[in-house]
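Q: The structure that follows is given in the form of C-alpha cells.
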Amino acid sequence: MQNFSNTAWVIIALLIIFILAINIWLFSTFRNKTDKNSTINLLRNSAKILRNPFMEENKKLEELSKLSLALKESAQEKLPSEHGDLNE
C-alpha cells in the first residue's frame with residue numbers, strides 16, 4: 001500500500017466520495033418517489049416534447065386563431081344591423 005503516491009490516494013478518495021454521493025442520491029430519489037410510473041411518464045413527455053417542441057405554443061395559437069375568427073364573424077354580423085347594409 002505504500003507504493004501509491006499522494007495523488008493516487010486523492011483520486012481514490014474522490015472516486016469513493018463520488019460513488020457514495022451517487023448511491024445516496026439514488027436512494028433518496030427512490031425513497032421520495034410517489035408514483036411508480038413517474039419515470040415512464042417523464043420519458044413519454046420528453047419524447048413528445050422532442051417530437052414537437054412547440055406543441056403548447058401551437059395549441060395556444062390555434063385557440064387564439066379560433067377566438068379571433070369568432071370575434072371577427074360576430075363583428076361582421078353586428079355591422080350590417082347597426083349601420084345598414086353597407087356590404088351590399
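Okay, so the sequence shown: first residue is 1 according to the working numbering, each after it adds one. Ideal Cβ positions, reconstructed from N, Cα and C, are used throughout, including at glycine.
(1) Over the uninterrupted alpha helix (DSSP H) stretch that includes ASN23, give me the two end residues.
(2) By the three-class DSSP mapping on this structure, what secondary structure does ASN52 have?
(3) What does the alpha-carbon distance come out to for the pair ILE24 and SER5?
A: Let me spell this out:
(1) Counting from one through the sequence shown, the residue named residue 23 turns up at place 23. Judged by DSSP secondary structure, ASN23 falls within the alpha helix (DSSP H) whose first and last residues are 6-31.
(2) Here residue 52 corresponds to residue number 52 of the sequence shown, with the count starting at 1. Three-state DSSP puts ASN52 in coil, outside helix and strand.
(3) The count along the sequence shown starts at 1 and reaches residue 24 at position 24. The count along the sequence shown starts at 1 and reaches residue 5 at position 5. Here the alpha carbons of SER5 and ILE24 stand approximately 29 Å from one another.
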